[in-house]
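Those sequence lines, one after another, are chains H and P. Using full-length UniProt numbering, the first residue of the first sequence is number 1, and each one after it goes up by one. Using full-length UniProt numbering, the first residue of the second sequence is number 1, and each one after it goes up by one. Backbone N, C-alpha and C fix where the C-beta goes; we use that ideal spot for every residue, glycine too. Inspection log for the structure reproduced underneath, given as structure tokens.
Protein chains: 2
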Amino acid sequence: MSLPRKRKRQECEYFDCYSDVNVHEEMIADEVRTNAYRLGILRNANALRGKVVLDVGAGTAILSVFCVQAGARRVYAVEASTICRQAREVVKLNRMEEQITVIEGVMESVELPEKVDVIVSEWMGYALMYESMLNSVLAARDRWLKPGGLILPACAELFIVPVSDPATDWRLDFWSQVKKQYGVDMSCMTTFARKCIMGEEMAVQPLCAEDVLAHPTRFARLDLSRATLDDIRTLSGGFSCYCFGSARMHGFCIWFSVTFPGGEKPLVLSTSPFLEETHWKQTVLYLDEPVPVVQDTGISGDITMTPSEHNQRHLRVRLDYRIGTQEKKTKNYRMGD
Amino acid sequence: MSLPRKRKRQECEYFDCYSDVNVHEEMIADEVRTNAYRLGILRNANALRGKVVLDVGAGTAILSVFCVQAGARRVYAVEASTICRQAREVVKLNRMEEQITVIEGVMESVELPEKVDVIVSEWMGYALMYESMLNSVLAARDRWLKPGGLILPACAELFIVPVSDPATDWRLDFWSQVKKQYGVDMSCMTTFARKCIMGEEMAVQPLCAEDVLAHPTRFARLDLSRATLDDIRTLSGGFSCYCFGSARMHGFCIWFSVTFPGGEKPLVLSTSPFLEETHWKQTVLYLDEPVPVVQDTGISGDITMTPSEHNQRHLRVRLDYRIGTQEKKTKNYRMGD
């Protein structure tokens, strides 16, 4: 059957309930993520002890429980989706009804009985800002955080680096292998496949250290205690690097990290391709076609990340770049539109 | 971040072009499928030599090329989606413009210049009938196939068997493991997870021979030369079997096979859990909760498969069943609604 539908069925149709448990299982099973939050909260026990905490987008309330374990006197766990029913059960099972109040509602419109000393939230989406809840975290800060209060994590950073992607080469080459396998020459499909795979849609997929072609550049940094809604609307910066060696460059990879203060050295939750994979993987921005690079090929450019005009939770990226002596190019990407 | 959206982004948003190459790559890379069609067509060379063929939902026209390689004089490759542009390129590259005419259009409304001797089509969806094109194949048969003409494949069969699903047990147990891992008791999530995972949505996933708890029953068979649109609207049948041994039964597994005539023994393309995995995998219908069975536990029932009232391409299944001495139960399932 020659219809894209099969794929859609296989991968798209998560119904409310099913989707819910899937996504919570995936997040909690992501040990890099959950351990970073656990340790990031516990290392701030001094700041949390006896204090009032707001958990923005609490989900199953696991972060709220970590906060009580770190000594928090009271936690307001705000969650808009129906998973807050499960959050209440988790709170009860862990005998923290006295400390944790689960509030069903949208952060921007709920009322808390008091100001808070600490805000904790796991708000990051793919490429940091896709479907992110950062808006809600900043709104909560402006309305409910006491002056000088703590936000966990405290800052976020975005990185970019040119990459090679062997999986794309494999997929492009697939069409030249069909003749060998089935006796039908389908090599003409390669152009179509390249247009599809190396298109304008950003791809969420795992890369590894071997795919990275140069030193990464940090192109944006957000201090959550100070950033304004205006600041986070446009995240942009320049980058410049030199390739390590000969390779086929397929595009640019972007990823993020967030940092928990406290302790001697900050604790960093990173979604870098150099480190253990997380459920955020990395985000790949493909060139229109692979470009060969050699040692010391200079790659530079500017990246600008904004919400889509159609949907504030979707993402647009504009990339102006130059590879070696090629002329400067511009490519616009989208995620979710 | 506690939102189901992440998952959605990751798995749902295939844009036209991207989706297209993905699905064609998946189908052609499915060697069980593509080799079965190739050999199923070649073994009918005697019936195809010098004859006129209609390829219903031709996609990239690979089946049309197989038909010409088997000796067909002319093939009409009908395809409604824009992939027919790639089909034309494939035809040209294989120098078959004289034999293969790619026609962009919906099967029910295209006009062919002549009647055909053979219809070939890969029309099967998940659980055979989900998003299936069988309606179009039968419409093409009634309008364009000469009396006594051949349809490849010639018949389809549906099977059902009780199964165990270790992956579900693992996922249900996950929530009891959270305390060990992160010090938070989330065992109360198990009930919610069970309701989600063992819900009314049919699941497309691969099982293996070890998961099968009894001898399968063939509950429906379609002869494509005779079946009417009415016949294929409701596929139903009874089943009865005895368990091989002690196990936790999670539900029923259904799958299909199609058969190519010609040759001494028919060639069967089967999506059974006993054989090599295909991109159709198997379809699992979960009970509300796992049920322990032992050797010789009798399991019987009736299954009825119909299109959804909301969308003719979506699927509903009604299952009436009895396990051992339990009372008779009924569960209604959906795929795609």
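- Tell me, to the nearest whole angstrom, how far the beta carbon of Gln-312/P is from that of Gly-245/P; I am working on the premise that it is less than 8 Å. Counted from its first residue, the second sequence places residue 312/P at position 312. Counted from its first residue, the second sequence places residue 245/P at position 245. So it is not a contact: roughly 41 Å between Cβ atoms.
- Can we say the segment 158-169 of chain H touches the segment 246-266 of chain H, given the rule of at least three CB pairs closer than 8 Å? yes
- Query: Looking only at C-alpha atoms, which of Gly-125/P, Arg-226/P, Glu-157/P, Gln-177/P sits nearest to Val-23/P?
  - Reply: Along the second sequence, read from residue 1 onward, the residue named residue 23/P stands at position 23. Selected option, being the one with the closest Cα: Gly-125/P.
- Item | Where Leu-213/H sits in the DSSP three-state scheme | Taking the first sequence and counting its residues from 1, the one referred to as residue 213/H is at position 213. Leu-213/H falls in the coil class under three-state DSSP.
- Item | Where Ile-323/P falls, given that 16 or more other Cβ within 10 Å makes a residue buried | Against the second sequence, residue 323/P aligns to sequence position 323. By the 10 Å Cβ count, Ile-323/P comes out buried.
- Item | Cβ neighbours of residue 339/H in the same chain (closer than 6 Å, five flanking residues each side left out) | The requested residue 339/H is not part of the displayed model; chain H covers only 1 to 337.
- Query: Under a three-way DSSP split, which group does Trp-123/P fall into?
  - Reply: Residue numbering aside, residue 123/P sits at position 123 when the second sequence is read from its first letter. In the structure shown, Trp-123/P sits in coil (DSSP, three-state: anything other than H, G, I, E or B).
- Query: Rounded to a whole number of angstroms, what is the C-alpha to C-alpha distance between Thr-307/P and Asn-46/P?
  - Reply: The sequence position of residue 307/P within the second sequence is 307, counting from 1. The sequence position of residue 46/P within the second sequence is 46, counting from 1. What sits at residue 307/P in the sequence shown is Pro, not Thr. If I take the Cα positions, the gap works out to 37 Å.
- Task: With DSSP as the reference, label Arg-49/P as helix, strand or coil.
- Result: Working through the second sequence from its first residue, we reach residue 49/P at position 49. Three-state DSSP puts Arg-49/P in coil, outside helix and strand.
- Would you kindly report the start and end of the unbroken beta strand (DSSP E) that includes Glu-31/P? In the second sequence, the residue the question calls residue 31/P occupies position 31. Careful: Glu-31/P lies outside any beta strand (DSSP E), inside the alpha helix (DSSP H) at 31-42.
- Item | Sequence ranges, alpha helix (DSSP H) only - wholly within the segment 123-158 of chain P, length at least 4 | 134-144
- Task: Quick one: residues in its chain with C-beta nearer than 6 Å to the C-beta of Asp-302/P, no 5 flanking neighbours on either side, listed in chain order?
- Result: Walking along the second sequence from the start, residue 302/P turns up at place 302. The answer, listed in chain order, is Gly-238, Asp-320.
- Cross-strand partners of Arg-248/P (DSSP beta bridge): Numbered from 1 along the second sequence, position 248 holds the residue referred to as residue 248/P. Arg-248/P is bridged to Pro-292/P.
- Query: Taking Cβ to Cβ, would you say Met-202/H is nearer than 8 Å to Asp-288/H?
  - Reply: To locate residue 202/H, count along the first sequence from 1; it is residue 202. To locate residue 288/H, count along the first sequence from 1; it is residue 288. Not closer than 8 Å, so no.
- Is Ala-214/P near Leu-235/P, with beta carbons less than 8 Å apart? The residue labelled residue 214/P in the question sits at position 214 within the second sequence. The residue labelled residue 235/P in the question sits at position 235 within the second sequence. Going by C-beta atoms, Ala-214/P is not nearer than 8 Å to Leu-235/P.
- Message: If distances are taken between C-alpha atoms only, which option among Val-110/H, Tyr-286/H, Met-189/H comes closest to Cys-84/P?
- Response: Translated into the one-based positions of the second sequence, residue 84/P becomes position 84. Cα-wise, what sits closest to Cys-84/P is Met-189/H.
- So which residues of chain H does Asn-332/P contact, with C-beta pairs closer than 8 Å? Taking the first residue of the second sequence as position 1, residue 332/P is located at position 332. Correct list: empty, because the minimum Cβ distance to chain H is about 14 Å.
- Message: Looking at chain C, is there any beta carbon in it that lies within less than 8 Å of the beta carbon of Cys-196/P?
- Response: Considering every chain present, this structure includes no chain C. Its protein chains are H and P.
- Task: Check the Cβ-Cβ distances between Lys-6/P and every residue of chain H, and say whether any is below 8 Å.
- Result: On the second sequence, position 6 is the one that residue 6/P refers to. Confidence at Lys-6/P is low in this model, with a pLDDT of 39, below 50, so the placement of that residue is unreliable and no value is reported for it.
- Task: Give the interface partners of Arg-171/H over in chain P, defined as CB-CB distance under 7 Å, in chain order.
- Result: As a first step, residue 171/H is located in the first sequence; it is residue number 171 there, counting from the start. Simply Glu-25.
- Query: Are any of the Cβ atoms in chain H nearer than 8 Å to that of Arg-322/P?
  - Reply: Stepping through the second sequence from its first residue, residue 322/P is reached at position 322. Taking Cβ atoms only, chain H never reaches closer than 8 Å to Arg-322/P, which makes this a no.
- Query: What does Cys-188/P reach in chain H if we use C-beta pairs closer than 7 Å?
  - Reply: Start at 1 with the first residue of the second sequence, and residue 188/P comes out as number 188. The contacting residues are Glu-89, Val-90, Leu-93.
- Query: Once you ignore the five residues that flank Arg-33/H on each side, which residues in its own chain have a CB closer than 6 Å to its CB?
  - Reply: Taking the first residue of the first sequence as position 1, residue 33/H is located at position 33. Correct list, in chain order: Thr-278.
- Task: Could you check what DSSP says for Ile-83/P in three-state terms: helix, strand or coil?
- Result: For the purposes of this step, residue 83/P is taken as residue 83 along the second sequence, with counting starting at 1. Residue state, collapsed to three classes: coil.
- Item | Residues sharing a beta bridge with Pro-162/H, DSSP | Locating residue 162/H in the first sequence gives position 162, counting from the first residue. Answer by DSSP bridge pairing, in chain order: Phe-252/H.
- Residues of chain P with CB under 8 Å from Gln-86/H, in chain order? Position 86 of the first sequence, counted from the start, is the residue given in the question as residue 86/H. Chain P residues near Gln-86/H: Cys-188, Met-189, Phe-192.
- Query: Are Asp-65/P and Met-107/P touching if we call contact CB-CB under 8 Å?
  - Reply: Residue numbering aside, residue 65/P sits at position 65 when the second sequence is read from its first letter. Residue numbering aside, residue 107/P sits at position 107 when the second sequence is read from its first letter. What sits at residue 65/P in the sequence shown is Val, not Asp. Going by C-beta atoms, Val-65/P is not nearer than 8 Å to Met-107/P.
- Whose C-beta lies closer than 7 Å to the C-beta of Val-96/H among residues of the same chain, with five residues either side of it excluded? Within the first sequence, numbered from 1, the residue matching residue 96/H stands at position 96. A quick correction: the sequence has Met, not Val, at residue 96/H. Result list for Met-96/H: Val-65, Val-68, in chain order.
- Going along chain P in order, which residues have a C-beta closer than 7 Å to the C-beta of Val-178/H? Counted from its first residue, the first sequence places residue 178/H at position 178. Near Val-178/H (Cβ distances below 7 Å), the residues of chain P are Ile-28.
- So, does the CB of Asp-20/P fall closer than 8 Å to a CB anywhere in chain H? Sequence index remark: in the second sequence, residue 20/P carries index 20 (1-based). Closer than 8 Å to some Cβ of chain H, the Cβ of Asp-20/P qualifies, so yes.
- Message: What would DSSP say about Val-110/P, mapped onto helix, strand or coil?
- Response: Here the question's residue 110/P lines up with position 110 in the second sequence. Three-state result, Val-110/P: coil.
- Message: Using beta carbons (cut-off 8 Å, strictly below), is Ser-65/P in contact with chain H?
- Response: What you label residue 65/P is simply residue 65 of the second sequence in a count that begins at 1. The amino acid occupying residue 65/P in the given sequence is Val; Ser does not appear at that position. Answer yes: the Cβ-Cβ gap between Val-65/P and chain H drops below 8 Å somewhere.
- Query: Leaving out five residues before and five after Trp-144/H in sequence, what residues of the same chain have Cβ atoms less than 7 Å from its Cβ?
  - Reply: Counting from 1 along the first sequence, the entry for residue 144/H is found at position 144. Hits under 7 Å: Leu-54, Leu-112, Lys-115, Val-116.
- Message: For Leu-315/H and Met-129/H, which I take to be in contact (beta-carbon distance under 8 Å), what is that distance rounded to the nearest angstrom?
- Response: Walking along the first sequence from the start, residue 315/H turns up at place 315. Walking along the first sequence from the start, residue 129/H turns up at place 129. Contact holds; Cβ gap of about 6 Å.
- Task: Mind listing, in chain order, the continuous alpha helix (DSSP H) runs of no fewer than 4 residues lying wholly within the segment 270-328 of chain P?
- Result: none
- Task: Answer with buried or exposed for Ala-72/P, where buried requires no fewer than 16 other C-beta atoms within 10 angstroms of its C-beta.
- Result: Translated into positions along the second sequence, residue 72/P becomes position 72. Ala-72/P should be labelled buried.
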